[in-house]
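Q: I have a structure I would like to understand better, so I am pasting it below and will then ask my questions one at a time.
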Amino acid sequence: MIIMKGRALRATATAAMLAVFGAPVAAEELFYVSGAVGNAVENFKALVKPWEEATGNTVTMVPMPASTTDQFGQYRLWLAAGAADIDLYQTDVIWAPQLADHFVDLTEVAKDLAPTHFPSIIESQTVNGKLVALPIFTDAPALYYRTDLLEKHGKTPPQTWAELTETAQFIQDAERAEGNADLWGFVWQGNAYEGLTCNALEWVKSFGGGQIVETDGTISINNPNAVEALETVKGWVGTISPGGVLAYQEEEARGVWQTGNAVFMRNWPYAYGLGNGDDSAVKGKFAVTTLPIGKDGDTSAATLGGWNVAVSKYSTKQDAAISLAMYLAGPEAQKQRAINESNLPTIVALYDDADIAAAQPIIPQWKDVFLNAVPRPSAPTLGKYNEVSAKFWSAVHSTLSGEGSAAENLELLEVELTDLKGSGW
Amino acid sequence: MATNTGGLSLSQQRQRAAFWFLAPMLAALFFVAAWPLLRTIWFSLTNTLLSDLYGGEFIGFDNYLSLRVLESGRWIWRGTLVDPAWWNAVWNTVRFAFVSVLFETVLGLIVALVLNAEFKGRGFVRAAILIPWAIPTIVSAKMWAWMLNDQFGIINDILLSLGLIDQKIAWTASVDTAMYAVLMVDIWKTTPFMALLILAGLQMVPRDIYEAAKLDGVNPVKVFFKITLPLIRPALAVAIIFRMLDALRIFDLVYVLTPNSAATKTMSVISRENMIDFDKFAYGAAQSTLLFAIIAVFVSLYIWLGKVDLSGEGQK
């Protein structure tokens with residue numbers, strides 16, 4: 001039944017695309033570069049198949065390391081060299097201001113498609129009136145928790161970080177006493193890279209400590225709430241979180257979680273679909289909720305993530321590349337991504353889609369989570385964002401690994417950021 | 426021929442011929458070594474950005490050191506030479522280079538002595554011991570990263586079951602152990618290289634000296650320190666220079682095993698980070714230039730202090 005439905009869907013999609021993009025002209029071979037987590041490569045092949053059939057072009061995905069920091073370094077190098085080898089880049093939501101010059105302006109071709117997306121996301125990809133990239137999915141992390149373990153120990157999902165600490169410690173101790181020696185309370189991303197900036201921004205923001213650099217460009221990070229947030233997290237390392245969490249990125253955290261060795265995990269929506277896969281030890285035993293808050297009166301914070309597709313200015317096959325970008329950002333591809341990979345769509349209407357709600361019940365609930373998501377300070381800090389982020393994650397990483405207190409490190413960070421800012425971002 | 430070379434002595438003719446034989450190599454060296462080096466030094470004196478490689482303007486030594494007077498009247502020194510992150514990287518690199526080269530030399534010497542002895546299957550063992558050196562660094566670094574993983578790594582598993590540790594160690598994450606992890610992998614990887622170079626030196630030592638020492642009943646320890654070591658000293662010195670050059674520009678291992686960790690960030694890593702990640706191409710070029718200068722100073726000091734003979738004159 002499902003197969004039948006899939007075929008029918010694909011046939012309609014193909015017909016629709018033939019109408020939109022016209023009949024195949026000349027077969028082009030495109031190269032699409034993207035970071036790869038989970039089953040990204042196989043999923044991408046399935047995702048672009050209808051487009052390949054409709055246009056006669058082929059596309060090869062060039063997989064990159066999962067770390068966005070590593071990807072960015074490589075992309076910047078290729079783009080600076082004007083490399084024509086890659087036609088499309090999958091770009092992080094924070095990159096648009098830094099790479100804008102190297103991509104084709106999509107404003108004109110996407111004038112009908114763009115308004116169907118969330119306006120804030122389109123705005124994040126618009127630099128000086130130029131639409132640099134088209135959104136293909138958005139991301140906002142959540143707290144994953146083990147329903148079976150919470151139920152067994154009579155606990156409820158935590159509302160505050162203090163509750164999370166207490167619940168995680170309680171279950172970890174109880175389970176270890178029963179012989180479950182590898183169980184940890186909470187896993188997250190503590191490696192010194194962009195992901196730590198995301199995690200730490202959530203802690204700071206949910207303790208009422210601002211968002212590092214505010215939208216008007218003021219540096220706000222050195223404040224008592226931020227200090228309290230980091231000191232709280234420092235208390236987790238080696239107690240409810242393994243010491244190695246300071247080297248974890250998304251996939252390492254998911255590794256511990258999906259083998260059934262964590263009570264809580266902070267991760268992006270992609271882990272939801274994978275966690276319910278047939279080879280997962282936690283299939284059907286977990287649920288997600290919003291990330292906890294510092295204390296009453298604070299609001300939960302989820303860092304706005306998300307990925308976009310941009311067409312390289314140096315591509316020799318721009319027409320085909322733009323057609324693929326439009327397809328990937330369009331409703332068919334986004335729907336398929338939502339169903340197969342639990343990626344959050346950026347097209348508003350898809351949150352009311354019955355098929356998505358049936359396949360991935362969490363997605364409709366997610367709309368509110370990410371509407372309240374916190375952006376990283378990439379807009380106010382412009383081309384200096386990477387350095388701001390690297391200084392922030394270094395200060396956080398030092399604090400968490402016991403090199404200086406949170407107060408000392410944040411004070412130092414404020415000085416460094418002020419120096420970096422100079423007379424203006 | 427006679428008309429072309431008329432008036433030139435035989436030695437002048439030979440020099441001229443030698444020049445033309447050397448010319449292709451000199452040209453190749455200029456293009457692959459001297460030109461990039463000069464380019465880098467030039468970039469370090471400009472304000473070039475990676476996103477605009479040809480738009481840089483000459484700014485003198487500002488990337489190295491510059492003085493800014495703020496509106497409040499406060500003086501601020503800026504530039505690589507007052508950048509604590511840079512000096513941290515220099516210290517990490519020097520520490521790494523000394524410790525790794527020391528261990529690799531001692532272990533390499535031991536391995537070479539063993540391989541120099543006659544035993545059955547020596548050829549096979551010699552080939553087998555080279556395997557770590559033959560594996561590309563990226564591959565071995567990734568392999569070790571998995572083995573050192575705190576939760577599912579085999580190293581922790583072995584140590585736990587042997588009872589040597591009572592809880593899993595986060596090798597690459599913890600500031601205290603990150604450098605040890607990098608050192609361990611580098612020593613594992615490069616000891617075979619040192620062993621091979623030293624073995625070549627050992628095989629140059631004439632056998633009859635050992636036989637004479639044996640007839641005189643000299644104690645083997647004394648044989649090693651009085652005969653073997655002095656005779657292989659030139660080979661050892663060259664091997665150490667090679668390793669030192671390599672160790673001071675260590676990049677790939679650190680980049681894969683512990684990227685972004687301040688405890689292991691080396692000069693090459695930080696210069697790449699500035700050039701690529703932070704778009705400060707000229708600033709990174711200044712750090713690369715300093716890296717070159719530091720290596721040059723180290724090697725000159727070593728050759729001078731150790732009286733290493735690289736010209737080959739002493740062999741005559």
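Keeping their order, the protein sequence lines are chains A and B.
Read in order, the letters of the first sequence correspond to residues 1 to 425 in the working numbering.
Read in order, the letters of the second sequence correspond to residues 426 to 741 in the working numbering.
Idealized CB from N, CA, C, for every residue including glycine.
#1: Along the chain, where does the alpha helix (DSSP H) that runs through Tyr75 (chain A) open and close?
#2: Output, in chain order, the set of chain B residues within a Cβ distance shorter than 8 angstroms of Asn43 (chain A).
#3: I'd like the span of the alpha helix (DSSP H) that includes Trp425 (chain A), first residue to last.
#4: Check Ala185 (chain A) in the structure and name its three-state DSSP category.
#5: What does a CB cutoff of less than 6 angstroms around Leu656 (chain B) pick up in its chain, not counting 5 residues either side in sequence?
#6: Starting from Gly35 (chain A), follow its DSSP beta bridges and name the residues at the other end.
#7: Taking only beta-carbon positions, decide if Gln576 (chain B) is within less than 7 angstroms of chain A.
#8: Could you spell out the range, first to last residue, of the alpha helix (DSSP H) harbouring Ala549 (chain B)?
#9: Applying the 10 Å Cβ sphere with the 16-neighbour rule, what's the burial state of Leu281 (chain A)?
#10: In chain order, what are the residue ranges of uninterrupted alpha helix (DSSP H) at least 4 long that sit wholly in the segment 342-387 of chain A?
#11: Nearest CA to the CA of Lys384 (chain A): which residue from B:Phe468, B:Val724 and B:Lys705?
#12: Under 7 angstroms, do Gly533 (chain B) and Thr616 (chain B) count as touching if we go by C-beta distance?
#13: Helix, strand or coil: which one does DSSP assign to Gln440 (chain B)?
#14: Spatial neighbours of Gly217 (chain A) within its chain, please: C-beta separation below 6 angstroms, excluding the five flanking residues on both sides.
#15: Which residues of the segment 94-110 of chain A have a Cβ closer than 9 angstroms to any Cβ of chain B? Give them in chain order.
#16: Going along the chain, which residues of its own chain have a beta-carbon closer than 7 angstroms to the beta-carbon of Val233 (chain A), five neighbours each way excluded?
#17: How should Phe455 (chain B) be labelled, buried or exposed, when 16 other C-beta atoms within 10 angstroms of its C-beta is the threshold for buried?
#18: Determine the chain A residues that contact Phe468 (chain B) at a beta-carbon separation under 9 angstroms, and present them in chain order.
#19: Identify the contact partners of Asn685 (chain B) in chain A, using a Cβ-Cβ distance below 7 angstroms as the criterion.
#20: May I ask you to report which of helix, strand or coil DSSP gives Ala687 (chain B)?
#21: Can you grab the Cα-Cα spacing for the pair Arg674 (chain B) / Ile484 (chain B), in whole Å?
#22: Span of the alpha helix (DSSP H) holding Asn581 (chain B)?
#23: Quick check: is the beta carbon of Asn386 (chain A) nearer than 7 angstroms to any beta carbon in chain B?
#24: Of all the residues that make up the segment 396-412 of chain A, which are near chain B by a beta-carbon distance shorter than 9 angstroms?
#25: Report yes or no: do the segment 74-93 of chain A and the segment 470-480 of chain B share at least 3 C-beta pairs separated by less than 8 angstroms?
#26: Leaving out five residues before and five after Lys593 (chain B) in sequence, what residues of the same chain have Cβ atoms less than 6 angstroms from its Cβ?
#27: Return the chain-ordered list of same chain residues with a C-beta closer than 7 angstroms to the C-beta of Thr597 (chain B), the five sequence neighbours on each side being excluded.
#28: Where does Val309 (chain A) sit, in a helix, a strand or coil, going by DSSP?
#29: Report the start-end ranges of each alpha helix (DSSP H) in the segment 431-505 of chain B that is 4 residues or longer and not cut off at the edges.
#30: Entirely within the segment 264-344 of chain A and at least 4 residues each: give me those alpha helix (DSSP H) ranges in chain order.
#31: Should Ala537 (chain B) and Ala620 (chain B) be called a contact, given that it needs their Cβ atoms to be closer than 7 angstroms?
#32: Kindly identify the DSSP beta-bridge partner or partners of Phe137 (chain A).
#33: Rounded to whole angstroms, what's the CA-CA distance from Leu196 (chain A) to Ala452 (chain B)? Just pull it up for me.
#34: Quick check on Pro24 (chain A) - is its C-beta less than 7 angstroms from some C-beta in chain B?
#35: Starting from the Cα of Trp161 (chain A), find the closest Cα among A:Leu382, A:Val348 and A:Thr290 and give me that residue.
#36: Do the segment 359-372 of chain A and the segment 259-272 of chain A meet, that is, are 3 or more Cβ pairs less than 8 angstroms apart?
A: In brief:
#1: The residue labelled residue 75 (chain A) in the question sits at position 75 within the first sequence. Taken as a continuous stretch (DSSP letters only), the alpha helix (DSSP H) holding Tyr75 (chain A) covers Thr68 to Ala80.
#2: Reading the first sequence from its first residue, position 43 is the one you call residue 43 (chain A). Result: empty, since nearest Cβ-Cβ is about 23 angstroms, beyond 8 angstroms.
#3: Within the first sequence, residue 425 (chain A) is the residue found at index 425, counting from 1. Premise fails: Trp425 (chain A) is in no alpha helix (DSSP H) and is neither H nor E.
#4: Taking the first residue of the first sequence as position 1, residue 185 (chain A) is located at position 185. With the sequence shown as reference, residue 185 (chain A) is identified as Gly, and Ala is not the correct amino acid for it. Three-state result, Gly185 (chain A): strand.
#5: Your numbering for residue 656 (chain B) matches position 231 in the second sequence. Only Val630 meet the Cβ criterion.
#6: As a first step, residue 35 (chain A) is located in the first sequence; it is residue number 35 there, counting from the start. Its beta-bridge partners are A:Met64.
#7: Here residue 576 (chain B) corresponds to residue number 151 of the second sequence, with the count starting at 1. Yes, its Cβ sits closer than 7 angstroms to a Cβ of chain A.
#8: Taking the second sequence and counting its residues from 1, the one referred to as residue 549 (chain B) is at position 124. According to the sequence as given, residue 549 (chain B) is Phe; it is not Ala. Note, Phe549 (chain B): alpha helix (DSSP H), Arg547 to Ile554.
#9: Taking the first sequence and counting its residues from 1, the one referred to as residue 281 (chain A) is at position 281. Here residue 281 (chain A) is Ala; the residue named in the question, Leu, does not match the sequence. Exposed, because fewer than 16 other Cβ atoms sit within 10 Å of the Cβ of Ala281 (chain A).
#10: 354-359, 362-371 and 378-381
#11: Position 384 of the first sequence, counted from the start, is the residue given in the question as residue 384 (chain A). Minimum Cα distance to Lys384 (chain A) is reached at B:Lys705.
#12: On the second sequence, position 108 is the one that residue 533 (chain B) refers to. On the second sequence, position 191 is the one that residue 616 (chain B) refers to. It is a contact, given that the beta carbons lie within the stated cut-off.
#13: Here residue 440 (chain B) corresponds to residue number 15 of the second sequence, with the count starting at 1. DSSP places Gln440 (chain B) in helix when its eight states are reduced to three.
#14: Position 217 of the first sequence, counted from the start, is the residue given in the question as residue 217 (chain A). Here the set comprises Pro380 and Trp425.
#15: So the list reads Gln98, Leu99, Asp101 and His102, given in the order they occur along the chain.
#16: Your numbering for residue 233 (chain A) matches position 233 in the first sequence. Closer than 7 angstroms at Cβ, skipping near neighbours: Trp203 and Leu400.
#17: Here residue 455 (chain B) is taken as the residue at index 30 of the second sequence, counted from 1. Exposed, because fewer than 16 other Cβ atoms sit within 10 Å of the Cβ of Phe455 (chain B).
#18: Position 43 of the second sequence, counting from 1, holds the residue named residue 468 (chain B). Within 9 angstroms Cβ-Cβ: nothing; Phe468 (chain B) doesn't reach chain A, min ~13 angstroms.
#19: For the purposes of this step, residue 685 (chain B) is taken as residue 260 along the second sequence, with counting starting at 1. By Cβ distance, chain A contributes Ala192 and Tyr193.
#20: Locating residue 687 (chain B) in the second sequence gives position 262, where the first residue counts as 1. If DSSP states are grouped into helix, strand and coil, Ala687 (chain B) belongs with coil.
#21: The residue you call residue 674 (chain B) lines up with position 249 of the second sequence. The residue you call residue 484 (chain B) lines up with position 59 of the second sequence. Each residue's Cα considered, the two are about 27 angstroms apart.
#22: Against the second sequence, residue 581 (chain B) aligns to sequence position 156. Residues Ile579 to Ser586.
#23: Here residue 386 (chain A) is taken as the residue at index 386 of the first sequence, counted from 1. Closer than 7 angstroms to some Cβ of chain B, the Cβ of Asn386 (chain A) qualifies, so yes.
#24: Within the segment 396-412 of chain A, the residues whose Cβ lies closer than 9 angstroms to some Cβ of chain B are His397, Ser398, Ser401, Gly402 and Glu403, listed in chain order.
#25: yes
#26: Within the second sequence, the letter at position 168 stands for residue 593 (chain B). Correct list, in chain order: Asp575 and Asn581.
#27: For this step, residue 597 (chain B) is matched to residue 172 along the second sequence. Excluding positions up to five away in sequence, the list reads Ala570, Leu573, Ala603, Ala606, Leu682 and Thr683.
#28: As a working mapping, residue 309 (chain A) is identified with position 309 in the first sequence. If DSSP states are grouped into helix, strand and coil, Val309 (chain A) belongs with the strands.
#29: 435-454 and 460-469
#30: 270-275, 318-329 and 331-341
#31: As a working note, residue 537 (chain B) is residue 112 in the second sequence. As a working note, residue 620 (chain B) is residue 195 in the second sequence. Yes, these two residues count as a Cβ contact at 7 angstroms.
#32: Residue mapping note: residue 137 (chain A) aligns to position 137 of the first sequence, counting from 1. DSSP lists A:Trp307 as partners of Phe137 (chain A).
#33: The sequence position of residue 196 (chain A) within the first sequence is 196, counting from 1. The sequence position of residue 452 (chain B) within the second sequence is 27, counting from 1. Answer to the nearest angstrom: the Cα atoms are 48 angstroms apart.
#34: In the first sequence, the residue the question calls residue 24 (chain A) occupies position 24. Only weak support exists for where Pro24 (chain A) lies, its pLDDT of 48 falling under 50; the coordinates are left without a value.
#35: Within the first sequence, residue 161 (chain A) is the residue found at index 161, counting from 1. Taking only the C-alpha atoms, the option nearest Trp161 (chain A) is A:Thr290.
#36: yes
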